[in-house]
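A.B. asks:
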Amino acid sequence: MSLKYVEEFRDGELARQLVKKICRISKKDLRLMEVCGTHTMSIFRHGIRSVLPRGITLLSGPGCPVCVTAQKDIDAYVAFAQRKEVIVTTFGDLMKVPGSNSTLSREKADGADVRMVYSIFDALNIAKENPKKEVVFCAVGFETTIPTIAAAILTAKAQGVENFSIYSANKLTPPALAALMEADGVKIDGFILPGHVSVITGTQAYRQTFETYDIPSVITGFEPVDILQSVLLLVEQNETNCPALVNAYPRAVSDSGNVKAKTIMNQVFEIADAVWRGIGEIPNSGMVLKKEFQAFDGAKKFDMNMPDVPEPKGCACGEILMGLKTPDQCRLYKKACTPMSPVGPCMVSSEGACAAYYKYS
Amino acid sequence: MKNDDKVLLDHGSGGKVSHAMFSDLILPLFDNPELSKQDDGAVFDVVQGKMAFSTDSYVVDPIFFPGGNIGDLAVNGTVNDVAMCGAHPLYISVGLIIEEGLAVGDLKIILESMAMAAKKAGVKIVTGDTKVVPRGKADKIFINTSGVGVIPQGVDVSGNQAKAGDKIIVSGSIADHGITILSEREGLKFDSDIKTDSAPLNHMVKDILNSGCKVHVLRDPTRGGLGTTLNEIAAQSNVGIRLYEDKLSVKGAVQGICELLGFDPLYIANEGKLIAFVPQADADRVLEVIRASEFGQDAVIVGEVTDQDPGRVVLETLIGGTRIVDMLTGEQLPRIC
Chain R
1 MSLKYVEEFR DGELARQLVK KICRISKKDL RLMEVCGTHT MSIFRHGIRS VLPRGITLLS
61 GPGCPVCVTA QKDIDAYVAF AQRKEVIVTT FGDLMKVPGS NSTLSREKAD GADVRMVYSI
121 FDALNIAKEN PKKEVVFCAV GFETTIPTIA AAILTAKAQG VENFSIYSAN KLTPPALAAL
181 MEADGVKIDG FILPGHVSVI TGTQAYRQTF ETYDIPSVIT GFEPVDILQS VLLLVEQNET
241 NCPALVNAYP RAVSDSGNVK AKTIMNQVFE IADAVWRGIG EIPNSGMVLK KEFQAFDGAK
301 KFDMNMPDVP EPKGCACGEI LMGLKTPDQC RLYKKACTPM SPVGPCMVSS EGACAAYYKY
361 S
Chain L
1 MKNDDKVLLD HGSGGKVSHA MFSDLILPLF DNPELSKQDD GAVFDVVQGK MAFSTDSYVV
61 DPIFFPGGNI GDLAVNGTVN DVAMCGAHPL YISVGLIIEE GLAVGDLKII LESMAMAAKK
121 AGVKIVTGDT KVVPRGKADK IFINTSGVGV IPQGVDVSGN QAKAGDKIIV SGSIADHGIT
181 ILSEREGLKF DSDIKTDSAP LNHMVKDILN SGCKVHVLRD PTRGGLGTTL NEIAAQSNVG
241 IRLYEDKLSV KGAVQGICEL LGFDPLYIAN EGKLIAFVPQ ADADRVLEVI RASEFGQDAV
301 IVGEVTDQDP GRVVLETLIG GTRIVDMLTG EQLPRIC
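Residue numbers (the numbering used here), protein chains in the order written: chain R, 1 to 361; chain L, 1 to 337.
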């Protein structure tokens, strides 16, 4: 596995030149939001905040799939784990996310069959190997992972795997950007748009949002040079009052995105309203299984209608996700809420803003 | 016992079958005068001065992995723990907890690896114990090893001895062992040649201590990785630590897998690397000594001790920024995207 292609984008000298240029042209105070958990981690990990001018604030938006998963959905995953006949399969991030009364980790320690997988196809294989059990996959994610989930559903249907289902908390990114721009009190001067998601959606997915709100927007990769370049572009656009939608990640993102992945995704899923943790319901921002695939819908199969639950008292994850607060402005931060004992998902997910603040600053 | 036999509960009963397993399988491999006496414990002469004593338990899954297995890991691990106290490890005890049904062939491979590792480290396995537990009550095999060693006159290394100005040397690339195990455990089919770095470091430590150079701290950054270990030392010595990202050595494949899964190599386990805190005046000489060792050819100075921010580890990143390196909190879990 070669990282040469990555190393170019970690070039210290190139990064320093970009920082100098940003410092030279930056005059206005700006609030720039990254809408991807991997960007959040990369910004902290490479110490990018420490080299930018004081007037530039980087905010972590609703880009960590775990952070935006509604508490009732986490409760549903816990409820599945409590059923003896069910094997719950999940990506690692979800294991420690607190529901109202428990976590998947705690249920596992209590004897539940909860298995961490790296791909939904691993979950499908577990279903084939355990025909007497029901295997439920916790489908949490954005456009990056939804096509793979769709492909697994198609495979399960073709192979007649009947003991396999998903509980979908999948979400779409562009509607969340629009919701942020409409929300009271939110002030964002530019978006650092997600690289992974954009590989699937393509640049065109953001065009409507950009045209409606005329806000500087740059699609970018995850290496420090990528991120600094996107900051430079956003600063330039703000300083010259010339907002633009720029694809600064052309080595991975095209205008139309991954058409095949989108076709599979739309074959299996349809758009629906979805509840985002801390933000509330955003119209047309979720993806649920189409009628013909409802045999694979765990919520229907197990009649799993979880009640809405209030978020933990004092938890500011919602305001943090909307850029209204930074983690250190939450009164639970580093007190009641730490990675060892997280209250909100922004602290539990490795890509959450609070976890990044806690770990790196 | 034939290689294709299974270990049965009888093998741990203390009766004839247990004795046969010890006599036929274990004793010939670990043979030495202290063990051969077959008393309840090992008897050996003590020396004047200081001794170091350490114990660790090995519950790794899978038990076989590229570059080693649970057996040599268990010997090397305890040899290194004793060596990091500045001691020459001499004797080791071995406690085997075997799950009923383990293939005798697998047990034999593990025991042979332990014998070879002990020989390479120059330590004797002088006492031990074997238990067999019913199927499902353990995961194939657990091994506990304890070791004792002698600390030479004048040697005083400890995690509380780091001083401002010390240079920090790491004996090679980081995260090799943890990523090897993770790749095997989770069945991730990466096309790479990574293997564990498990190795006995006691000879390297001996060379360092014999070089006449002053050494303040020796530590092997196992679970929790380099990041956690440096935090422990910063807290123990109440000093600040500054690391340089461009000096840290991470193999390409290891870095790639970390990127893919969202892991930070600073928190991934190592089993054949040491960290040495050395006064600046002796740093280059110690580096030479480590590089001359079989297991230290890629050693580098990765940072230094400061009197700023006591208890904190700060990383200077490739782009010239800084960030805190905190202690690992909980297990690293793979990310969603």
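Idealized CB from N, CA, C, for every residue including glycine.
Since the model is a prediction, treat every value here as computed from it, not as a measurement.
For residue 157 of chain L, which option in L:276, L:77, L:310 and L:133 has the closest C-alpha, if you only look at C-alpha atoms?
C.D. replies: Position 157 of the second sequence holds residue 157 of chain L. If we check each option's Cα against that of residue 157 of chain L, L:276 comes out closest.
A.B. asks: Ignoring anything shorter than 4 residues, give me the alpha helix (DSSP H) runs that lie fully in the stretch 24-66 of chain R, in order along the chain.
C.D. replies: Whole alpha helix (DSSP H) segments, 4+ residues: 37-45.
A.B. asks: Only counting the same chain, and skipping five residues up and downstream in sequence, which positions put a Cβ closer than 7 angstroms to that of residue 112 of chain L?
C.D. replies: Translated into the one-based positions of the second sequence, residue 112 of chain L becomes position 112. 29, listed in sequence order.
A.B. asks: Between the C-alpha atoms of residue 160 of chain R and residue 124 of chain R, what's the straight-line distance to the nearest angstrom?
C.D. replies: Residue 160 of chain R sits at position 160 when you count from the first residue of the first sequence. Residue 124 of chain R sits at position 124 when you count from the first residue of the first sequence. If you take the alpha carbons of residue 160 of chain R and residue 124 of chain R, they lie about 11 angstroms apart.
A.B. asks: Can you tell me whether residue 137 of chain R is buried or exposed? The criterion is at least 16 other CB atoms within 10 Å of its CB, across all chains shown.
C.D. replies: For the purposes of this step, residue 137 of chain R is identified with residue 137 of the first sequence, where counting begins at 1. Residue 137 of chain R is buried by the Cβ-count criterion.
A.B. asks: Which class does residue 8 of chain R belong to by DSSP, given the choice of helix, strand or coil?
C.D. replies: The residue you call residue 8 of chain R lines up with position 8 of the first sequence. If DSSP states are grouped into helix, strand and coil, residue 8 of chain R belongs with the helices.
A.B. asks: With which residues is residue 217 of chain R paired in a DSSP beta bridge?
C.D. replies: Numbered from its first residue, the first sequence carries residue 217 of chain R at position 217. Paired residues: R:191 and R:245.
A.B. asks: Whole angstroms is fine: what's the gap from residue 51 of chain R's alpha carbon to residue 228 of chain R's?
C.D. replies: Walking along the first sequence from the start, residue 51 of chain R turns up at place 51. Walking along the first sequence from the start, residue 228 of chain R turns up at place 228. One C-alpha to the other measures close to 10 angstroms.
A.B. asks: Which of the residues in the stretch 41-66 of chain R, read from start to end, lie with their CB under 8 angstroms from any CB of chain L?
C.D. replies: Flagged, chain order: 41, 44, 45, 46, 47, 48, 49, 50, 51, 65 and 66.
A.B. asks: Helix, strand or coil for residue 146 of chain L per DSSP?
C.D. replies: The residue you call residue 146 of chain L lines up with position 146 of the second sequence. It is a strand residue.
A.B. asks: Which ranges would you report for the beta strand (DSSP E) in the stretch 138-182 of chain R if only whole runs of at least 3 residues count?
C.D. replies: Segments of the beta strand (DSSP E) lying fully in the stretch 138-182 of chain R: 164-168.
A.B. asks: How would you write the range of the alpha helix (DSSP H) that residue 327 of chain L sits in, first residue to last?
C.D. replies: Locating residue 327 of chain L in the second sequence gives position 327, where the first residue counts as 1. Element bounds for residue 327 of chain L: n/a, residue is neither H nor E.
A.B. asks: Hey, could you find the ends of the alpha helix (DSSP H) residue 85 of chain R is sitting in?
C.D. replies: Locating residue 85 of chain R in the first sequence gives position 85, counting from the first residue. Residue 85 of chain R -> no alpha helix (DSSP H), and no H or E assigned at all.
A.B. asks: Using a cut-off of 7 angstroms between C-beta atoms, extract the partners of residue 326 of chain L located in chain A.
C.D. replies: Although the question refers to chain A, the structure presented lacks it and instead comprises the protein chains R and L.
A.B. asks: Is there a C-beta anywhere in chain R that falls below 7 angstroms from the one on residue 230 of chain L?
C.D. replies: The count along the second sequence starts at 1 and reaches residue 230 of chain L at position 230. False, the Cβ-Cβ gap to chain R never drops below 7 angstroms.
A.B. asks: Going residue by residue through the stretch 212-281 of chain L, where are the continuous beta strand (DSSP E) segments of at least 3 residues, counting only ones entirely within it?
C.D. replies: Listed in chain order, the complete beta strand (DSSP E) runs (minimum 3 residues) inside the stretch 212-281 of chain L are 217-219, 240-244 and 275-278.
A.B. asks: Counting only Cβ pairs nearer than 7 angstroms, list the residues of chain L close to residue 10 of chain R.
C.D. replies: Mapped onto the first sequence, residue 10 of chain R falls at position 10. Going along chain L in sequence order, the residues near residue 10 of chain R (Cβ under 7 angstroms) are 318.
A.B. asks: Beta-carbon of residue 67 of chain L versus every beta-carbon of chain R: anything under 7 angstroms?
C.D. replies: Here residue 67 of chain L refers to the residue found at position 67 when the second sequence is read from its first residue. Not closer than 7 angstroms to any Cβ of chain R, the Cβ of residue 67 of chain L fails to qualify, so no.
A.B. asks: According to a CB-to-CB cut-off of less than 9 angstroms, which residues of the stretch 213-225 of chain R neighbour chain L?
C.D. replies: Correct list: 222, 224 and 225.
A.B. asks: If contacts are defined as beta-carbon pairs under 8 angstroms, then residue 249 of chain L and residue 146 of chain L qualify, I think. What distance do you get, rounded to the angstrom?
C.D. replies: As a first step, residue 249 of chain L must be located in the second sequence, where it is residue number 249. As a first step, residue 146 of chain L must be located in the second sequence, where it is residue number 146. The Cβ separation is near 32 angstroms, so there is no contact.
A.B. asks: Give the residues of chain R in contact with residue 180 of chain L, contact being defined as C-beta atoms less than 7 angstroms apart.
C.D. replies: The residue given as residue 180 of chain L occupies position 180 in the second sequence. Under the 7 angstroms cutoff, chain R gives no residues; its nearest Cβ is about 14 angstroms from residue 180 of chain L.
A.B. asks: Please say whether residue 165 of chain R and residue 296 of chain R have beta carbons closer to each other than 7 angstroms?
C.D. replies: The residue labelled residue 296 of chain R in the question sits at position 296 within the first sequence. The residue labelled residue 165 of chain R in the question sits at position 165 within the first sequence. Cβ distance < 7 angstroms, so residue 296 of chain R and residue 165 of chain R count as in contact.
A.B. asks: What does a CB cutoff of less than 7 angstroms around residue 15 of chain L pick up in its chain, not counting 5 residues either side in sequence?
C.D. replies: Residue mapping note: residue 15 of chain L aligns to position 15 of the second sequence, counting from 1. Taken in chain order, the list of residues that qualify is empty.
A.B. asks: For residue 71 of chain L, count the other beta carbons within 10 Å of its own beta carbon; 16 or more makes it buried, fewer makes it exposed. Which is it?
C.D. replies: For this step, residue 71 of chain L is matched to residue 71 along the second sequence. Result: buried.
A.B. asks: Quick check: the Cα distance between residue 153 of chain L and residue 360 of chain R, rounded to an integer number of angstroms?
C.D. replies: Numbered from 1 along the second sequence, position 153 holds the residue referred to as residue 153 of chain L. Numbered from 1 along the first sequence, position 360 holds the residue referred to as residue 360 of chain R. If you take the alpha carbons of residue 153 of chain L and residue 360 of chain R, they lie about 42 angstroms apart.
A.B. asks: So who's on the other strand from residue 69 of chain L, going by DSSP bridges?
C.D. replies: Taking the first residue of the second sequence as position 1, residue 69 of chain L is located at position 69. Beta-bridge pairing links residue 69 of chain L to L:64.
A.B. asks: Taking the alpha-carbon of residue 176 of chain L as reference, which of L:127, L:226, L:116 and L:270 has the nearest alpha-carbon?
C.D. replies: The residue labelled residue 176 of chain L in the question sits at position 176 within the second sequence. Comparing Cα positions, the closest option is L:270.
A.B. asks: Taking any Cβ of chain R, which residues in the stretch 233-250 of chain L have a Cβ under 8 angstroms from it, in chain order?
C.D. replies: Correct list: 246.
A.B. asks: Given this structure, state the Cα-to-Cα distance separating residue 35 of chain R from residue 274 of chain L, to the nearest angstrom.
C.D. replies: Numbered from its first residue, the first sequence carries residue 35 of chain R at position 35. Numbered from its first residue, the second sequence carries residue 274 of chain L at position 274. Cα to Cα, the separation comes out at about 40 angstroms.
A.B. asks: Do residue 199 of chain L and residue 86 of chain L have their beta-carbon atoms positioned less than 7 angstroms apart in this structure?
C.D. replies: On the second sequence, position 86 is the one that residue 86 of chain L refers to. On the second sequence, position 199 is the one that residue 199 of chain L refers to. No.
A.B. asks: According to the neighbour-count rule (16 or more other Cβ atoms, all chains shown, within 10 Å of its Cβ), is residue 2 of chain R buried or exposed?
C.D. replies: In the first sequence, residue 2 of chain R corresponds to position 2, counting from 1. Low confidence applies here, because residue 2 of chain R scores a pLDDT of 43, under 50, leaving its location unreliable; read the following figure in that light. Under this definition residue 2 of chain R is an exposed residue.
A.B. asks: Tell me whether residue 1 of chain R sits in a helix, a strand or coil according to DSSP, three-state version.
C.D. replies: Here the question's residue 1 of chain R lines up with position 1 in the first sequence. Here residue 1 of chain R scores only 40 on pLDDT, less than 50, and its place in the model is too uncertain to base an answer on.
A.B. asks: So residue 16 of chain R contacts chain L; which residues on that side make the cut at Cβ distance below 9 angstroms?
C.D. replies: The residue given as residue 16 of chain R occupies position 16 in the first sequence. Correct list: 319 and 320.
A.B. asks: If we ignore side chains and look at the alpha-carbon of each, how far apart do residue 21 of chain L and residue 11 of chain L end up?
C.D. replies: In the second sequence, counting from the first residue as 1, residue 21 of chain L sits at position 21. In the second sequence, counting from the first residue as 1, residue 11 of chain L sits at position 11. In a straight line, the C-alpha of residue 21 of chain L is about 7 angstroms away from that of residue 11 of chain L.
A.B. asks: Could you name the residues of the same chain whose beta carbon sits closer than 7 angstroms to that of residue 310 of chain L, not counting the 5 residues immediately before and after it, in chain order?
C.D. replies: The residue given as residue 310 of chain L occupies position 310 in the second sequence. Answer for residue 310 of chain L: 238, 239 and 240, listed in chain order.
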